[in-house]
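Enquirer:
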Amino acid sequence: MDDRPLVIALCPDLMMRSRIESGLDIAGYRLRVAGGPTRLAEALAEESPACLLIDLEAGDDAIAVIVGLRADPATAALPLAAFAGHTNVDLLDRAKAAGADPVVARGQAAISTGKVVEQAIAAHGA
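Remember, this note's numbering sits 2 above the position in the sequence shown when you count from 1.
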């Protein structure tokens, strides 16, 4: 059994998913990928993650997912980081306003995944 802290990611992009998994593995985390909001809800019902990582360009309304997570008492305090392309400033700003912290560019999420997760955990006092 893998007892490393779990990160659940909403990230349908296979290439990005691979980069995230590598970064998390190096930082001592394990990854579970949720392909969409329904799978994310299922994953949260089954496991208690150390952090959530949301791809804001996942195709579903990722902002609504963040708002829903923050509105639910069971997940309101869960560390949650989000990322999108660096040129998508409006989406990044909306994610921050919805309660994601940190909100970073896709490149930073890929290169420094462990640091991003640790920032989210620190931001939420976990």
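Note that the Cβ used here is the ideal one computed from N, Cα and C, for glycine as well.
1) What's the call for Val9, buried or exposed, on a 16-neighbour Cβ count within 10 Å?
2) Can you tell me the Cβ-Cβ gap for Ala83 and Leu58, rounded? I've got them flagged as a contact below 8 Å.
3) Could you tell me the boundaries of the beta strand (DSSP E) in which Leu55 lies?
4) On the three-state DSSP scale, how would you describe Leu80?
5) What is the DSSP secondary structure of Ala1, counted as helix, strand or coil?
Expert: To lay it out plainly:
1) buried
2) With a Cβ gap of about 11 Å, Ala83 and Leu58 do not count as contacting.
3) Cys53 to Asp57
4) coil
5) The requested residue 1 is not part of the displayed model; the chain covers only 3 to 128.
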